[in-house]
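Asker:
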Amino acid sequence: MPDYNSREEFLWNGLEQLSRLPEDADPNCPICHERYSKGTWAESREEKFVRIRSCRHIFHTACLRAWISEQSKMDCPTCRHELYAGDDASTFILQLGQEVVQLVTNTQQAADELVTSQEMMINRLNAEIEDHRRRSEHHEALIASLKETAGACLEGDKQTDKDSSS
Numbered sequence: 628m629p630d631y632n633s634r635e636e637f638l639w640n641g642l643e644q645l646s647r648l649p650e651d652a653d654p655n656c657p658i659c660h661e662r663y664s665k666g667t668w669a670e671s672r673e674e675k676f677v678r679i680r681s682c683r684h685i686f687h688t689a690c691l692r693a694w695i696s697e698q699s700k701m702d703c704p705t706c707r708h709e710l711y712a713g714d715d716a717s718t719f720i721l722q723l724g725q726e727v728v729q730l731v732t733n734t735q736q737a738a739d740e741l742v743t744s745q746e747m748m749i750n751r752l753n754a755e756i757e758d759h760r761r762r763s764e765h766h767e768a769l770i771a772s773l774k775e776t777a778g779a780c781l782e783g784d785k786q787t788d789k790d791s792s793s
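Residue 628 is where the sequence shown starts when you use the numbering used here, and the numbers rise one by one after that.
(1) Which runs of the alpha helix (DSSP H) at least 4 residues long sit entirely within the region 680-746? Give them in chain order.
(2) Along the alpha helix (DSSP H) that carries E636, what are the first and last residues, could you check?
(3) Does I685 pass the burial test, meaning 16 or more other C-beta atoms within 10 Å, or should it be called exposed?
(4) Are H708 and C682 close, meaning C-beta to C-beta below 7 Å?
(5) Excluding the five sequence neighbours on either side, which residues of its own chain have a C-beta within less than 8 Å of the C-beta of C706, listed in chain order?
(6) Based on the DSSP output, what are the partners of Q644 in its beta bridges?
(7) Taking 6 Å as the cut-off, is the beta-carbon of E764 closer than that to any non-hydrogen atom of the ligand COA?
(8) Which term fits Q745, buried or exposed, when burial requires 16 or more other beta carbons within 10 angstroms of its beta carbon?
(9) Could you tell me whether the Cβ atoms of L710 and D653 are closer together than 7 Å?
(10) Starting from the Cα of L638, find the closest Cα among S664, I679, E650 and I770 and give me that residue.
(11) Where K774 and E740 are concerned, what is the direct C-alpha to C-alpha distance, given to the nearest angstrom?
(12) Which value, in whole angstroms, describes the spacing of the CA atoms of R762 and V728?
(13) Please classify C659 as buried or exposed, where buried requires at least 16 other C-beta atoms within 10 Å of its C-beta.
(14) Is it buried or exposed, G641, if we count other Cβ atoms within 10 angstroms and call 16 or more buried?
(15) Report buried or exposed for I695, applying the criterion of at least 16 other Cβ atoms within 10 angstroms of its Cβ.
(16) Going by the DSSP bridge assignment, what does N655 pair with across the sheet?
(17) To the nearest angstrom, report how far apart K675 and G724 are at their CA atoms.
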């Protein structure tokens with residue numbers, strides 16, 4: 628659960644500006660991995676440190692600002708604790724992107740199913756056409772055989788009629 632509702636709310640309320648680095652702090656910034664300056668040297672360079680109030684992690688102010696300015700970075704760079712909910716626009720864009728991905732996935736699945744269905748239908752039609760062709764060949768052979776038999780019968784009847792008339 629995020630600590631704040633927006634990036635702006637987090638920047639106003641979720642950070643503590645430090646003028647000095649605490650003695651027990653990690654010696655390096657977790658974002659840039661540069662060593663922090665301590666004591667009067669840091670003060671003379673006007674090096675700025677910032678601490679996230681909820682998880683107490685410390686960073687260079689500039690490093691954390693750069694981290695947070697990325698649209699998808701809504702968590703602590705060290706512990707990944709969710710600091711704020713996405714801004715309305717960025718949340719909308721992320722949700723829209725997820726919906727587009729889901730729509731493309733669903734469309735691809737539907738297209739794959741349609742292709743599979745059409746392939747099955749084509750195979751079934753090809754089988755029916757082949758079956759019809761075989762039956763047609765069989766019928767043509769039967770018709771040819773009947774014609775041959777009928778022709779032979781007619782020839783036999785003509786011969787019988789000639790023999791009986793003579």
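Heads up, the beta-carbon is just placed ideally off N, CA and C, and yes, glycines get one too.
If you're wondering where the values come from, they're calculated on a predicted model, not measured in any experiment.
Answerer: Taking the structure as given:
(1) 688-696
(2) R634 to N640
(3) buried
(4) yes
(5) C682 and H684
(6) V677
(7) Although the ligand COA was asked about, the structure shown includes no ligands whatsoever.
(8) exposed
(9) no
(10) I679
(11) 50 Å
(12) 51 Å
(13) exposed
(14) buried
(15) buried
(16) R662
(17) 37 Å
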